[in-house]
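Encoded as structure tokens, the structure appears first; notes follow it.
In this note's numbering, the protein residues as written are 14 to 284.
Below you can see the structure in the form of structure tokens.
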């Protein structure tokens with residue numbers, strides 16, 4: 014048996030692992046994923062029972078008999094709604110227009126850039142697995158910007174076409190372009206914007222650009238994350254933290270590509 018409750022009904026789950034469908038969504042901490050993805054993430058776990066359907070049904074029946082006797086006390090202790098049968102659940106995942114801001118300055122060359130592209134692919138795969146109607150805009154920036162993917166359907170994004178730029182880092186250039194994109198696309202079908210800002214660099218604080226972004230688009234920017242790739246070469250995360258604070262976002266300070274994968278997986282399923 015699992016030890017979870019349903020997110021919206023506050024009911025304890027009365028299902029065994031074998032009864033959970035691959036398309037159903039579960040939440041572990043801040044990560045939300047389909048059951049099929051959860052099984053892939055834990056290859057060392059045994060999910061398939063050696064019991065046949067009849068044996069599983071008998072085992073489940075025994076559990077429900079015990080649950081009927083002690084379940085009410087457990088629900089009272091953990092503030093859950095006591096039930097003998099779970100209410101049918103509908104999986105609803107909100108669609109967003111994701112704006113991925115990717116630092117492509119000189120310090121991101123080589124392995125760091127290749128790792129970032131792999132992480133973006135993982136992010137897209139996670140969102141695709143949720144079968145959302147997301148739109149994707151990818152802003153690659155240094156002291157200039159490239160916008161190869163602009164308001165694209167998520168299935169149309171090929172990460173191999175995301176260019177590396179090189180050069181210096183300009184947060185002002187990056188956030189100016191974000192503002193222009195939202196002005197252009199905020200009247201579209203998906204007008205809930207979620208911005209993921211990733212940088213390993215430092216620059217002047219883009220005060221004017223951030224003020225303009227917040228004052229003009231605060232009602233449509235539903236999520237904001239700042240990911241500081243701090244591999245020991247980043248002199249300070251102070252500016253990145255100030256940007257995140259102004260945008261009322263969530264801040265991640267990561268040191269390895271493994272951490273970066275974990276963070277983007279969390280972002281993809283945080284809604």
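From the three backbone atoms N, C-alpha and C, an ideal C-beta is built for every residue, glycine too.
Next on the checklist: Which residue wins for smallest C-alpha separation from residue 274, given the options 19, 38, 120, 54?
Outcome noted: In the chain shown, residue 274 corresponds to position 261, counting from 1. When each option's Cα is compared against that of residue 274, the closest is 54.
Next on the checklist: So, with DSSP's three-state summary, where would you put residue 177?
Outcome noted: Position 164 of the chain shown holds residue 177. Coil.
Next on the checklist: If you follow the beta strand (DSSP E) that residue 158 is in, where does it begin and where does it stop?
Outcome noted: Sequence index remark: in the chain shown, residue 158 carries index 145 (1-based). Where residue 158 is concerned, the enclosing beta strand (DSSP E) stretches over 158-166.
Item to check | Contact the region 249-256 vs the region 212-229: 3+ CB pairs below 8 Å | outcome: yes
Checklist entry - Quick check: the region 169-177 against the region 66-83, are there 3 or more CB pairs under 8 Å? => result no
Item to check | For residue 62, three-class secondary structure by DSSP | outcome: Numbered from its first residue, the chain shown carries residue 62 at position 49. DSSP places residue 62 in coil when its eight states are reduced to three.
Checklist entry - Does the region 203-220 come close enough to the region 182-191 that 3 or more CB-CB pairs lie under 8 Å? => result yes
Checklist entry - Can the beta-carbon of residue 205 be found less than 7 Å from the beta-carbon of residue 109? => result Residue 205 sits at position 192 when you count from the first residue of the chain shown. Residue 109 sits at position 96 when you count from the first residue of the chain shown. In this structure, residue 109 lies closer than 7 Å to residue 205 by Cβ.
Next on the checklist: Looking only at its chain, what residues have a beta carbon closer than 6 Å to the beta carbon of residue 238, apart from the 5 residues adjacent to it on each side?
Outcome noted: On the chain shown, residue 238 is found 225 positions in, with the first residue counted as 1. Result list for residue 238: 209, 262, 263, 280, in chain order.
Next on the checklist: Can you find the residues in the same chain that come closer than 8 Å, C-beta to C-beta, to residue 153, ignoring five residues on each side of it along the sequence?
Outcome noted: Here the question's residue 153 lines up with position 140 in the chain shown. Cβ neighbours of residue 153 beyond the five flanking positions: 115, 117, 159, 160, 161, 175, 176, 177, 178.
Item to check | residue 150 - containing beta strand (DSSP E), residue span | outcome: Position 137 of the chain shown, counting from 1, holds the residue named residue 150. Start and end: 148-154.
Checklist entry - Do the CB positions of residue 241 and residue 266 come within less than 7 Å of each other? => result Along the chain shown, one-based indexing puts residue 241 at 228. Along the chain shown, one-based indexing puts residue 266 at 253. A contact, by the Cβ cut-off of 7 Å.
Next on the checklist: Suppose contacts are defined by Cβ-Cβ distances below 7 Å. Is residue 31 in contact with residue 72 by that definition?
Outcome noted: As a working mapping, residue 31 is identified with position 18 in the chain shown. As a working mapping, residue 72 is identified with position 59 in the chain shown. Cβ atoms of residue 31 and residue 72: not closer than 7 Å.
Item to check | Cutoff 8 Å; reference residue 201; Cβ partners in own chain excluding five residues on either side | outcome: Here residue 201 is taken as the residue at index 188 of the chain shown, counted from 1. The residues are 110, 148, 164.
Next on the checklist: Pull the bridge partners of residue 266 from the DSSP assignment, please.
Outcome noted: On the chain shown, position 253 is the one that residue 266 refers to. Its beta-bridge partners are 241.
Checklist entry - Straight-line CA distance for residue 25 to residue 181? => result Here residue 25 corresponds to residue number 12 of the chain shown, with the count starting at 1. Here residue 181 corresponds to residue number 168 of the chain shown, with the count starting at 1. Those two C-alpha atoms are separated by around 53 Å.
Item to check | Reference residue 207, options 195, 39, 95, closest by Cα | outcome: On the chain shown, position 194 is the one that residue 207 refers to. Ranking 195, 39, 95 by Cα distance to residue 207 puts 195 first.
Checklist entry - Among 230, 228, 231, 250, which has the Cα closest to the Cα of residue 211? => result As a first step, residue 211 must be located in the chain shown, where it is residue number 198. Closest by alpha carbon: 250.
Checklist entry - So residue 112 is in the beta strand (DSSP E); what residue range does that whole segment cover? => result Taking the first residue of the chain shown as 1, we reach residue 112 at position 99. Unbroken beta strand (DSSP E) run through residue 112: 110-116.
Item to check | residue 18 in three-state terms, based on DSSP | outcome: Residue numbering aside, residue 18 sits at position 5 when the chain shown is read from its first letter. Of the three classes helix, strand and coil, the one that applies to residue 18 here is strand, per DSSP.
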